[in-house]
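Since the structure comes first, as structure tokens, the remarks are kept for the end.
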Amino acid sequence: MLDRIIGEAIGTFIFAFIITVADTSSEYSGNYAHPFSLGGGAIILMMLAGFSADPHLNPAITLGHFLRHLLYHGFQSIALVEHLLIILVQFVAAIPGAYLGWGLNVAMIYFGPTNQATDSQAFIAELVFTTLIVSVALMIGKTKDSRILGCVGLGATYMSGAMCVSYYSGACFNPALGFAVNIVKYSETNHHLKDTWIYIVAPFIGGLIGGIINSLLIIGGTEEKEETTDIVLRGDFD
Numbered sequence: 001m002l003d004r005i006i007g008e009a010i011g012t013f014i015f016a017f018i019i020t021v022a023d024t025s026s027e028y029s030g031n032y033a034h035p036f037s038l039g040g041g042a043i044i045l046m047m048l049a050g051f052s053a054d055p056h057l058n059p060a061i062t063l064g065h066f067l068r069h070l071l072y073h074g075f076q077s078i079a080l081v082e083h084l085l086i087i088l089v090q091f092v093a094a095i096p097g098a099y100l101g102w103g104l105n106v107a108m109i110y111f112g113p114t115n116q117a118t119d120s121q122a123f124i125a126e127l128v129f130t131t132l133i134v135s136v137a138l139m140i141g142k143t144k145d146s147r148i149l150g151c152v153g154l155g156a157t158y159m160s161g162a163m164c165v166s167y168y169s170g171a172c173f174n175p176a177l178g179f180a181v182n183i184v185k186y187s188e189t190n191h192h193l194k195d196t197w198i199y200i201v202a203p204f205i206g207g208l209i210g211g212i213i214n215s216l217l218i219i220g221g222t223e224e225k226e227e228t229t230d231i232v233l234r235g236d237f238d
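Going by UniProt numbering, the sequence shown opens with residue 1, and the numbers climb by one from there.
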């Protein structure tokens, strides 16, 4: 459990730093570098710690994982506590990462609907692509392909989402990153906090939907499901 917590803390800290320093646009989070930093960062950090601590780096993925566990194995209080602890660590670790990125960046970014988009458009954009990200992430370890290939697939999903909807929402797909970045921006300007709920609520709903989709798509009997390793939270959760 300790290695898992350390992996989440380090990985989410670096993830927040990467996103903050890569995007130099103060207009909205989603300039030309953003898709590559988001997708590439996910691949790098999964491979960095994925074989020892197997981090999620995203509370939406953790929520989807818990829902799948709940559907397969029923409610277990220890599973709930551990998933909640990991989500807490993700939120806490992202904040200093975003502050460090602000220290290096010329303009602190924020996540919010762009001038060309409404709140509802940004919400749908975050919901749809977070659902895809969680669905893909939870499939890692459930197929016969290697985990390295799965990490690349997850990074590609992040990147395609950023390329598609940066124009609308800034492409966050991660409640911890959305919260941390906007908190830091608020400490700088006292603005851009009111839309933060979009980047928390929409990804969490996407995590629930992604967990359901993943559960429906996994084919096999109960024994096969129990023996197959999960993306990150290893066998003691399943």
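All C-beta atoms in this analysis are idealised placements derived from N, C-alpha and C, irrespective of residue type, glycine included.
- Taking 8 Å as the upper bound for CB-CB distance, T12 and A98 are not in contact here, some 10 Å apart.
- Here I198 is buried: its Cβ has 16 or more other Cβ atoms, across all protein chains shown, within 10 Å.
- Between the beta-carbon of F173 and that of P203 there is about 6 Å, and that keeps the pair under the 8 Å contact cut.
- Look at V184 here: in three-state DSSP terms it is helix.
- Sequence-distant Cβ neighbours of V134 in its own chain, meaning closer than 7 Å and more than five residues away, are A60, I61, G64, G206, G207, G210 and G211.
- Following the DSSP letters along the chain, one finds D119 inside the alpha helix (DSSP H) bounded by residues D119 to M139.
- Taking the CA atoms as reference points, Q121 sits about 12 Å from D195.
- Residue range S77 to L104 is occupied by the alpha helix (DSSP H) that includes V92.
- Your pair R147 and I86 does not check out as a contact, with CB atoms roughly 19 Å apart and the cut at 8 Å.
- Around L154, the same chain offers A42, I43, M46, I133, V136, A137 and I140 as residues with beta carbons nearer than 8 Å, after the five sequence neighbours per side are excluded.
- Here I14 has L45 and G97 as same chain residues with Cβ atoms under 7 Å from its own Cβ, once five neighbours each way along the sequence are excluded.
- By the CB criterion at 8 Å, M159 and L57 fall outside the cutoff.
- The C-beta of A107 has fewer than 16 other C-beta atoms within 10 Å across all chains shown, which makes the residue exposed.
- The beta carbon of T131 is closer than 6 Å to those of G206, I209 and G210 in its chain, skipping five residues each way along the sequence.
- Collapsing the DSSP output to three states places T114 in coil.
- For N105, the closest alpha carbon among the candidates A22, N115, I213 and L217 is that of A22.
- Residue environment: I18 is assigned as buried (16 or more neighbouring CB atoms within 10 Å of its CB, all protein chains considered).
- For P59, the enclosing alpha helix (DSSP H) begins and ends at P59 to H73.
- The criterion of a C-beta distance shorter than 8 Å is satisfied by Y186 and L193.
- D3: member of the alpha helix (DSSP H) spanning L2 to A22, first to last residue.
- Cβ atoms of V152 and F129 stay farther apart than 8 Å, at about 17 Å.
- Residue range R147 to S169 is occupied by the alpha helix (DSSP H) that includes T157.
- When the beta-carbon positions are compared, Y168 and A125 come within less than 8 Å of each other.
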